[in-house]
Amino acid sequence: MEDVLPPGLLEICLLVGVPQERVRALLQGTQRKPQSLPPLDPEVLSVFVPPFISRDDTQVINAGNNLNKSKRRSFRKKKERPKIENVKSLNGEQKAPDTEDITVPKDIDLIGLPQLCFPGGLYLTSESKDDHIHFLVFTDVCGNRTYGVVAQYYQPMQDGCISSNGQAHWESAQSGKMPVCFVPLAICVISRYPYFNALKDCLSCLLVQLRPFKDLDVEEHIKEFAAKLFLIPSPPPGPLHLVFNMKPLQIIIPSREDPDSPIIDLDLHLPLLCFKPERVLQIMTCILTEQRIVFFSSDWALLTLVAECFMLYLHPLQWQHTFVPILSRHMLDFVMAPTSFLMGCHVDHFEEVSTETEDLILINIDNGDITHSKMTEEETEIPDVPAHAAETFIKRVESLQLHYDLELCHLRASTDLGELQMRRRAWQQKLNTEIQQTTLQLIVNIFREVKDHLNYEHRVFNSEEFLKTRAIGDQPFYKKVLETYMFHSFLKARLNRKMDAFARLELSTQSEEDRFNLMFHTPRRLTMEKMASKRFNHQYMINRRMVISMPNLQDIKLPEGPTRNSSLRRIDTGVGKGRISVKMPYKSVSTFKIPEIHFPLMFQCVHSYYTDFFNHLSKAINTLPPDNSALLARYFYLRGLISLMQGKLLNALSDFQNLDKTDLRIFPTDLVRKIVETMPPSERFQADRKPELKKLISRVMEKQREVMKIDDHVKNFELPKTHMQLDDFVKRIQESGIVKDVDTIHRLFDALTVGQQKQIDPETFRDFYNYWKETEAEAQEVNLPPTVIEHLDKNECVYKLSCSVKTNYGVGKIALTQKRLFLLTEGGHPGYVQIAAFRDIEDVKSTTATFLLLRIPTLRIKTLSKKVFEANLKTECDLWYLIVKEMWAGKKMADDHKDPQYIQQALTNVLLMDAVVGALQSSKTIYAASKLSYFDRMKNEVPMMVPKTTSETLKHKINPSAGETFPQAVDVLLYTPGHLDPSERPGNAHPKLWCALNEGKVVVFDASTWSIQQHCFKMGHSKLTCMIMVEQSQVWIGSQDSIIYIINTHSMSCNKQLNDHRSDVTDIIVEKKNGIPSEAYSSSLDGTVIAWNISTLKVNRVFQLPCQNLTSIKFHNDQLWCCTGSCILVVSAREFRLQMKIEHHLRDVGSYFLCFQLFPERDEVWASYSGSSDLYIWNTRDVTSPPQKIHLQDCSEVTCMIRVKNQMWLGSSGRSQGKSKGKIYVISAEKKTVEKELVGHADTVKALCSAEDRYVLSGSGKEEGKIAIWKAE
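Under our numbering, the residues of the sequence shown are numbered -17 to 1255, in order.
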């Protein structure tokens, strides 16, 4: 079981120095003074390996002897090997008695370690020196790190004996003799965790305690010290730090912020005190570009601390090469390694290292300088960090308060050591948080746009295109960084959509343009706003708009481009103001006091310690309010660990199981699996008898069996070298980032293969790709004069310019944006002449004009205001004719269907046409390009008139499958109103629309702007069946995998789940008392109904219906209405007593109840059957009477229904001309007549939800996969 237990604070403790015999012989054999002696070779004198007690120790008590004296084991070094403390397990299993053969942890090198404990050499001195502490980091072959803290102290030696400082002073006063010399010793504590400050404080306390003791007693105290640290657990990630007493200090063991965050227990501002911000950026660049780096300092402690700070500055990027922050004087040849590394040396070796080794980056911590060693080639400059990111970082660093003394000026003097310690720690913690935010913002600013060049489906990064889009001055930096292992690992995390610190900050600081691009994937062009800002101001400000309620959609213009004015963030670099652009709320942290550990260390003492620890945790759990689930989870976790230490495996599993309902993120999956695998058969039998533990074990073990190897390869985009059939062409185009939609790529394939075999050769693909990218690059260089920009909307982009042509409006270039055509007139002062907005075009023709004997191809555009524009476009005429017609048709469809995606799709089509014509250069190019005229062809072949009622009621359409290769069905919709919470980001105050797609995906829209807020959650891999906002901070999502997932709406993450159902979760409802949620009810397909306490997530009641196929439930007047396939049952909500039953009344035995709704004010139940086009209404006062029937025209069956005010909205499926279609029926509850038939979807309506009874939102099946927003009247 020892292998199962997670490591405590201490892994191993060592005493390092020189044996007394050697010192005595050296002093007797020479007459030289101690300070003139050469350095001695340090050795491991004693090793202290946990655990330190066993049940057998209890025999000592029975014998009446003190453990430490009667059973003191020898720790002294014998012969050539250090003696290791005999280890026995806590549960009494006797280990091998031969202590010489006890295994030290395999990654601890006892041969090399003494040199690192005395990196500058071990020297005898004639006078005592101050204690000194430094830090070590060890890395094994797998990249796992272990950390060491070393305390050096001096013991006086008199008459050949080492004595305590106090004893030596008394004896010298009595005898008149002074100590012959002082011998340095080192205590090294090695831990799996980087608790630098905590272990430094522990060793500082130990050194104080060792002063009065002689040699043998010293080892006993070190043993007790090591045993105590071994018994201290590491806290789980989250808002709980552990505190324990190590006289005279209180030691705090900080937790990591979340499971993906590093432990931070050091002063992150140290590099900012040693280097100017510009130098810090240079060092970070050296690390990011994986140089061979050597730090130098006269202070051994600073070497490790500064190097570790830089590692933390780069989080979540990770250094993956050799990391040895301290090299002893015997290890200097390590710097000759040919690969990337980061090492540290004493500054005394600076000249030696710099002259003997080539191509090193030498960083002097003491004076803040960065230099190169001699170079094999011409010296290369360290590339500059991208300018905007660097400027932001420097301003933010300059705004930090780095000096604690300035903080103390206005505070009263403290007379209490504990208060002084806590005050300093609170200041440091706050500063560390600010520095983390600053460095993380730097990393996000540097790599934010990497995502724009990723293809997630095929795991491709287009590095060449990414580099082309960087500013010229930033390219040297990116060229070097893109080649590193560190960046490659970063790409893997992005392609895996890992929600780490980078992703969270990048998401929270997205501009509205970023969100818009998530939805529409528009080809990259400069907006007018960016163009103007490029001209006038390098930095531009974006105003944040706060919207709390649902917008009035009548007043919202359809977004046809990135609506920058409605952004959820303000980009504030703090330039000239010293403000932080994204200020995260400071997170409060609690502490838990670990009980005292009593000595001598016998089994009873340890047992008593664990019992006290368990009881203190139980008391904390019982007194904590249930809504503080974050703290509860940490207490459960720790109590589970303590139960495990005590050998109480079932108790441990029960506590770990409680993490499901408190914080799933810290569930120790590997630990639980090891417990189960090593569990004795008798205890496994007991666990299987408890349903909740049986399910936990099953889940953990199945997860182990189902662990799929994560596909973490990353491919750089390369042009194809062989001929491509259709499927390969689709893949290649998606990899290139040009377009993702499969149907569009099929049309592009047809265009590029006109008149030839249905395959594409590499040359054609290359020509097409290069033309597309060249056009994109040229468009970035378009620089319109201010007199033209002022006529355009700030979100407009110029997508195409014609050659200079003669028109009836003058000579100039025709410009195409997503909204209009205009003429960029030429002459001394380029000007703007409006040709037509696409929605104002009445007709487009391609004609010819006669000039002398020539007939010149001419484009003729007629507007609704009867104005006519003519342009002699010559060879460009046919292409522009196709382009204008496609944009005109796309705009008409976008307006008719209230779907802005149509205009973006039309824009993509015309740019593909342009690239096809540019690439093919043949007589059939225009015919080939016409294959891409999708909307124009739709308008001509099937005139799609939207019915007037539909057009008037439909307000907007959005696509939650944006960015996917195929549309995905919208299975469930949920609207949550906005609210203000001072602790939240302002964007979280907005109303949200939650959309459940296939395979557990959930996409969240900001319902004030209809932009994607989060893309996307993953709730298991099964179909999601229901969603509900249980309270302001919780959204519950039911799944076919029988789990209810709980989303925290503040953090927008899933950290809890309910596992009590045994079948598909089908519905969740909330009972409210006086408008406040009191209980939640969930149902599953097997007929189970569970009543939940919302705050504690405990099961209040469980009821099993007498029939299965339970599909939905409703609550009214203390009654639960349960819809099963064969009947609707009404049961009391408290006792689950059957009170009413509505029988299935159709003769068709194959049909079943599909969905139902209550109209309690009218004493009515509305329900539909599978395969039926009729709606049935029962009177609840007499359910035995036949129901009223309403027939629905053109309906196959009613799939969903919701009540809105005094209407019932029904979603249906049907077929028209052999294709699926979705129709919505709006029925008056009073008249029982169909008031509206709305034709808004090209597939079955699968989901309906209401937004404040002002709007109804409908989601369709996978053929279309869109959401329509309707006005409710």
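Using N, Cα and C, we set each Cβ at its ideal position, and we do this for glycine too.
- Counting the other CB atoms within 10 Å of its CB gives P1168 a total below 16, which places it among the exposed residues.
- Within the segment 631 to 696, complete alpha helix (DSSP H) segments of at least 4 residues are found at 631 to 639, 651 to 660, 663 to 671 and 673 to 688, given in chain order.
- Rounded to whole angstroms, F596 and K1080 show a C-alpha spacing of 22 Å.
- Exclusion of the five residues before and after G794 leaves L805, L806, T807 and E808 as the residues of its chain whose Cβ lies within less than 6 Å of its Cβ.
- The three-state secondary structure of G1204, taken from DSSP, is strand.
- Cβ neighbours of G130 within its own chain (closer than 6 Å, five residues either side excluded): L118, C170 and I172.
- Inter-segment contact for the segment 900 to 915 and the segment 860 to 879 is present: three or more beta-carbon pairs are separated by less than 8 Å.
- Contact between K921 and A871 holds, since their C-beta atoms are separated by about 4 Å, short of 8 Å.
- Taking the Cβ atoms as the reference, Q1039 lies roughly 5 Å from D642, within the contact range of under 8 Å.
- Pairing Y753 with A897 gives a Cβ-Cβ distance under 7 Å.
- Of the other Cβ atoms in all chains shown, 16 or more fall within 10 Å of the Cβ of F277; this residue is therefore buried.
- In this structure, T935 keeps its C-beta atom at 7 Å or more from the C-beta atom of K1201.
- N179: member of the alpha helix (DSSP H) spanning F178 to L192, first to last residue.
- Cβ-Cβ distances below 8 Å link M510 to L766, I771, L774, D775, K776, N777, E778 and C779 in the same chain, with the five nearest sequence neighbours on each side left out; the list follows chain order.
- Between E674 and Q707 a beta carbon distance of about 53 Å is seen, past the 8 Å cut, so the two are scored as non-contacting.
- Per DSSP, reduced to three states, the secondary structure at F100 is coil, with no helix or strand assignment.
- With 16 or more other Cβ atoms inside 10 Å of its own Cβ, S1064 counts as buried.
- For N349, there is no enclosing alpha helix (DSSP H), as DSSP marks it with neither H nor E.
- For S1004, same chain residues with a beta-carbon under 7 Å away, outside a window of 5 residues either side, are G982, S1021, Q1022 and D1023 in chain order.
- One thing to note: V1017 has its Cβ no nearer than 7 Å to the Cβ of A978.
- Close CB contacts of S1133 within its chain, under the 7 Å cut and outside five residues either way in sequence, are with Y1151, S1152, G1153 and S1154 (chain order).
- Using a 10 angstroms sphere on the CB of G1222, the tally of other CB atoms reaches 16 or more, which defines it as buried.
- In the structure shown, the three-state DSSP call for R842 is strand.
- Residue range L222 to M228 is occupied by the beta strand (DSSP E) that includes N227.
- Taken in chain order, the unbroken stretches of alpha helix (DSSP H) that lie wholly in the segment 362 to 396 and span 4 residues or more are 369 to 380 and 386 to 390.
- Residue environment for D652: exposed (fewer than 16 other C-beta atoms within 10 angstroms of its C-beta).
- For L626, the closest C-alpha among the options D645, K601 and T593 is that of T593.
- Residue state for S1035 is assigned as strand, using DSSP reduced to three classes.
- In this chain, Y460 is not harboured by any beta strand (DSSP E); it is covered by the alpha helix (DSSP H) spanning Q457 to V463.
- Residue burial is scored here from C-beta neighbours: H251 has at least 16 other C-beta atoms within 10 angstroms and is therefore classed as buried.
- Residue environment for I1058: exposed (fewer than 16 other C-beta atoms within 10 angstroms of its C-beta).
- CA-to-CA, the gap between V1165 and K1171 works out to about 14 Å.
- Here L956 is near W976, since their CB atoms are less than 7 Å apart.
- Contact check for K1244 against Q950 passes: the beta carbons are separated by less than 7 Å.
- As the crow flies, the alpha-carbon of V132 is around 14 Å from that of L27.
- I657 counts as buried, since at least 16 other C-beta atoms from the protein chains shown sit within 10 angstroms of its C-beta.
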